[in-house]
Amino acid sequence: MTAQAKKRKAAPLAASAPRVGLTPITRDDAPQLFRWINDRDLVRFNSAYQPVHEPTHMQWLEGLTQRTDLVAFAIRIRRTGRLIGVCQLTAISRVHRSAELQIRLGDAAARGRGYGSEAVRLLLDHAFHDLNLHRVSLQVFDTNAAAIRTYERAGFRHEGRLRDAAFIGGEYVDVRLMGILREEAV
Ligand SMILES: CC(C)(COP(=O)(O)OP(=O)(O)OC[C@H]1O[C@@H](n2cnc3c(N)ncnc32)[C@H](O)[C@@H]1OP(=O)(O)O)[C@@H](O)C(=O)NCCC(=O)NCCS
6 MTAQAKKRKA APLAASAPRV GLTPITRDDA PQLFRWINDR DLVRFNSAYQ
56 PVHEPTHMQW LEGLTQRTDL VAFAIRIRRT GRLIGVCQLT AISRVHRSAE
106 LQIRLGDAAA RGRGYGSEAV RLLLDHAFHD LNLHRVSLQV FDTNAAAIRT
156 YERAGFRHEG RLRDAAFIGG EYVDVRLMGI LREEAV
């Protein structure tokens, strides 16, 4: 194992499934996250592309410690510690006991291997059993078959559709609304 791999492995595991773990995001992750947030094809899986400049990115990273409405994790391969993506709960409401879920496997080679499904389950477990939330919702583009299937597998239900709600890559796409209650998590 290289010294760099050893260093990566040092990030403490917050939660783990057979192959991936969720860990806090470290400063060493910043360059990779910066590349991903500026990868146009990757960003367009779930939002319109616009460049994110480094000061803004670093401000977001440093600001994570202050946020009570958001919790973010790095997604890593447990065996090697390799960073493959990020996931987060946003808009956390202590009144409604709800939040919104977002996930991005930035490493294209890591997609389609079941890692996203593991990470979604870990994040839901955190939402329901650490934060004591009651409901988690999300929005997903109608064109994103892999994401829709991943959420369905985790127990999310379809709750509605916003027609032509996003303009992505020169075309309007429908946005699906999905949600899961604590007792529905699988
Ligand atoms: C969406 C994402 C998290 C899914 O994670 P993943 O590890 O690639 O997905 P998994 O391997 O766990 O597969 C989950 C399900 O989706 C299916 N799937 C995977 N890739 C697919 C594809 N390209 N098209 C259709 N279905 C696909 C799998 O077959 C599996 O379903 P099954 O159990 O019925 O066979 C990941 O692909 C990703 O981060 N993509 C880029 C960013 C993104 O789209 N984020 C979500 C925005 S809402």
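Heads up, the sequence shown is in our numbering, so the first residue is 6 and it goes up one at a time.
A virtual CB, placed ideally from N, CA and C, is assigned to each residue, including glycine.
Could you tell me if residue i is buried or exposed, where buried requires 16 or more neighbouring beta carbons within 10 angstroms of its beta carbon?
| i | result |
| --- | --- |
| Leu167 | exposed |
| Gly175 | exposed |
| Gln93 | buried |
| Lys12 | In this predicted model, Lys12 has a pLDDT of only 49, less than 50, meaning its place in the structure is not dependable; the value taken from the coordinates is given anyway. Lys12 comes out exposed. |
| Thr155 | buried |
| Arg109 | buried |
| Tyr177 | exposed |
Out of the options, which one is the CA nearest neighbour of residue i?
| i | options | result |
| --- | --- | --- |
| Trp248 | Val191, Ile42 and Val180 | The displayed coordinates of the chain run from 6 to 191. Any statement about residue 248 would go beyond what the structure contains. |
| Leu106 | Pro23, Leu182, Thr28 and Leu18 | Leu182 |
| Ala20 | Pro56, Asp130 and Glu164 | Asp130 |
| Glu188 | Leu128, Arg140, Thr31 and Val48 | Arg140 |
| Asp179 | Ile185, Val191, Leu186 and Gly165 | Gly165 |
| Gly90 | Pro17, Val25, Leu18 and His163 | Val25 |
| Pro36 | Glu123, His58 and Val125 | His58 |
At a threshold of 7 Å, does residue i count as lining ligand 3 (C-beta to nearest heavy atom)?
| i | result |
| --- | --- |
| Ala79 | As presented, the structure is devoid of ligand 3, carrying ligand 1 as its sole ligands. |
For residue i, is the beta carbon positioned less than 7 Å from some heavy atom of ligand 1?
| i | result |
| --- | --- |
| Gly90 | yes |
| Ser122 | yes |
| Ala190 | no |
| Gly155 | Correcting the residue type first, residue 155 is Thr in the shown sequence and not Gly. Within the cutoff, so yes. |
| Asn4 | Only positions 6 to 191 of the chain appear in the structure, and residue 4 is not among them; the question remains open. |
| Leu127 | no |
| Val57 | no |
| Val145 | yes |
| Ile108 | yes |
| Asn51 | yes |
Using the DSSP secondary-structure output, state which residues sit across from residue i in a beta bridge.
| i | result |
| --- | --- |
| Gly119 | Answer is none; Gly119 lacks a bridge partner. |
| Glu176 | Ile173 |
| Arg99 | According to DSSP, which records beta bridges pairwise, Arg99 is partnered with nothing at all. |
| Thr28 | Ala79 |
| Ile108 | Cys92 |
| Phe146 | Val180 |
| Ala2 | Since the first residue of the chain shown is 6 and the last is 191, residue 2 is not available in this structure. |
| Ile185 | Val141 |
| Leu167 | Val180 |
With 8 Å set as the bound, which would you pick, yes or no: does the beta-carbon of residue i sit closer than that to a beta-carbon of chain B?
| i | result |
| --- | --- |
| His134 | Protein chains in the displayed structure number just one, and chain B is not present. |
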